[in-house]
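These notes are about the structure you will find just below.
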Amino acid sequence: MGRHEIVSRHCKFAAMCVLALASVFSAAIAETDAVAPDWIVPFADRIHNAWRDGKPMPQISAAYPDASLADAYLTQKHFVSRMMAPDGVGGFKAAGVASAAPGHPLVAVMPTSDILHAKDKIVIGLADDPHRHVENEIGYLFHRPVTEPPADVDALRRCVKAIVAIVEVPGGAVEELQPANTNDIVAWNINAKAMILGDAHGPNAIDPDAVNITLKRDGEIINTARGDMAAGGQWNTLLKTVNNVLRQGYTVQPGHIITNGALGKILKAAPGHYHADYGPLGIIEFEVRQ
0 MGRHEIVSRH CKFAAMCVLA LASVFSAAIA ETDAVAPDWI VPFADRIHNA
50 WRDGKPMPQI SAAYPDASLA DAYLTQKHFV SRMMAPDGVG GFKAAGVASA
100 APGHPLVAVM PTSDILHAKD KIVIGLADDP HRHVENEIGY LFHRPVTEPP
150 ADVDALRRCV KAIVAIVEVP GGAVEELQPA NTNDIVAWNI NAKAMILGDA
200 HGPNAIDPDA VNITLKRDGE IINTARGDMA AGGQWNTLLK TVNNVLRQGY
250 TVQPGHIITN GALGKILKAA PGHYHADYGP LGIIEFEVRQ
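Using numbering that gives the first Met the number 0, read the sequence shown as starting at 0 and increasing by one per residue.
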């Protein structure tokens with residue numbers, strides 16, 4: 000079994016925005032190559048090749064301890080430009096949303112092919128990737144492009160078509176030569192791998208901060224969370240996430256999904272039936288198999 004199986008139809012984003020986003024990648028990389036240290040591209044290739052082959056991705060903190068966060072994002076950009084070449088970008092993810100520290104939330108790029116839908120029968124296989132985790136998140140579907148920082152939350156909200164429940168199942172082997180730091184996490188593209196989307200709901204119909212989340216595996220509660228666990232609330236976090244995405248040279252396009260990051264526990268995936276209840280945002284169910 001591959002990284003995951005979908006029994007029914009392919010996700011509706013599978014071919015969306017591929018050509019447009021290829022040009023976005025090319026332009027963003029060309030603009031940053033002039034200032035990138037010489038080691039960025041070969042190190043990003045090492046990360047990509049390890050990711051492709053299912054081997055531990057190397058640590059930028061061990062290989063280049065003096066690297067900056069900007070260097071880590073340049074490494075990420077080159078890594079994902081190779082990783083997503085076949086089908087383009089489906090959206091972006093945030094990490095560290097409970098932190099108010101500068102530079103947070105961290106951001107990563109999601110492949111189009113790894114945006115799944117709860118209405119399909121989702122099976123996550125651990126045989127090919129035993130490093131999977133399970134995260135409860137809230138996401139936002141865009142119907143207008145965002146190419147420059149929105150003036151405020153109200154301006155951002157007008158670009159959002161829907162709010163959705165999300166279960167993210169990131170994964171990937173990583174080196175552990177020393178404790179991972181922020182630069183490692185960013186360079187690894189925050190281990191982005193797949194996210195499962197629930198039904199879409201109008202952005203004015205639901206207060207995402209008030210959403211209570213309960214995750215069960217085989218009937219046992221393993222995580223409880225609430226939307227307002229994101230520092231400053233969901234909409235302010237989304238605004239910071241979008242601005243950080245733009246800062247890295249990307250743009251948000253119609254059809255893109257942005258997830259605001261993990262709420263509550265980040266759990267190692269274990270075999271079983273998962274049932275995630277997001278109250279007014281609905282339910283996501285899926286299987287994890289060995």
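Just so you know, even glycine gets a beta-carbon here, dropped at the ideal spot from N, CA and C.
Quick check: what's the CA-CA separation for residue i versus residue j?
| i | j | result |
| --- | --- | --- |
| GLY197 | GLN252 | 20 Å |
| ALA99 | MET56 | 28 Å |
| HIS116 | ALA199 | 11 Å |
| PRO148 | PRO41 | 32 Å |
| ASP52 | ASP151 | 42 Å |
| VAL122 | ILE221 | 19 Å |
| THR74 | VAL34 | 12 Å |
| VAL287 | LYS92 | 22 Å |
| GLY90 | TYR249 | 10 Å |
| LEU105 | GLN289 | 31 Å |
| GLN247 | VAL185 | 12 Å |
| GLN118 | ARG143 | The displayed chain sequence assigns Lys, not Gln, to residue 118. Each residue's Cα considered, the two are about 25 Å apart. |
| VAL168 | ASP65 | 31 Å |
| ASN235 | ASP227 | 10 Å |
| ASP86 | ILE114 | 12 Å |
| ARG157 | VAL88 | 22 Å |
| LYS120 | PRO129 | 20 Å |
| TYR277 | ASP127 | 29 Å |
| GLY231 | PRO36 | 35 Å |
| SER22 | ASP153 | In this prediction, SER22 scores a pLDDT of 42, lower than 50, which makes its location untrustworthy; no coordinate-derived value is stated. |
| GLY254 | THR146 | 14 Å |
Please report the residue range of the beta strand (DSSP E) in which residue i lies.
| i | result |
| --- | --- |
| ILE123 | 120-124 |
| LEU115 | 114-116 |
| PRO110 | 105-110 |
| TYR290 | Only positions 0 to 289 of the chain appear in this structure, which leaves residue 290 out of reach. |
| ILE189 | ILE189 -> no beta strand (DSSP E), and no H or E assigned at all. |
| VAL287 | 282-288 |
| ALA161 | 159-167 |
Assuming residue i and residue j are in contact, meaning their beta carbons sit under 8 Å apart, how far apart are those beta carbons, in whole angstroms?
| i | j | result |
| --- | --- | --- |
| LEU280 | VAL210 | 6 Å |
| ARG131 | GLY170 | 4 Å |
| HIS77 | ALA43 | 4 Å |
| ALA275 | ILE265 | At roughly 14 Å, the Cβ-Cβ gap does not stay under 8 Å, so ALA275 and ILE265 are not in contact. |
| ALA71 | ASN182 | 4 Å |
| ALA292 | ILE212 | Any answer about residue 292 is impossible in this case: the structure gives the chain only from 0 up to 289. |
| PHE285 | VAL166 | 7 Å |
| PRO207 | GLN233 | 4 Å |
| LEU237 | LEU155 | 6 Å |
| THR240 | ILE257 | 6 Å |
| LEU68 | GLY102 | 6 Å |
| ILE39 | TRP187 | Not really, about 14 Å apart at Cβ, beyond 8 Å. |
| LYS54 | ALA172 | 6 Å |
| ILE189 | ALA94 | 5 Å |
Grab the span of the alpha helix (DSSP H) containing residue i for me, first residue to last.
| i | result |
| --- | --- |
| ALA94 | Note, ALA94: premise wrong, no alpha helix (DSSP H); beta strand (DSSP E) at 88-94. |
| ARG51 | 39-52 |
| ALA61 | 59-62 |
| VAL79 | 68-82 |
| ALA154 | 152-156 |
List in chain order: all unbroken alpha helix (DSSP H) runs of 4+ residues lying wholly within the region 206-278.
233-246
Is the region 155-165 touching the region 72-86 in the sense that three or more CB pairs, one from each, lie closer than 8 Å?
no
Does the pairing of the region 128-137 with the region 249-269 give three or more beta-carbon distances under 8 Å?
yes
Answer yes if the region 49-64 comes into contact with the region 165-179, meaning at least three C-beta pairs across the two stretches below 8 Å, and no otherwise.
yes
The region 106-122 / the region 186-200 touching (three or more Cβ pairs under 8 Å):
yes
Does the region 265-274 come close enough to the region 216-225 that 3 or more CB-CB pairs lie under 8 Å?
yes
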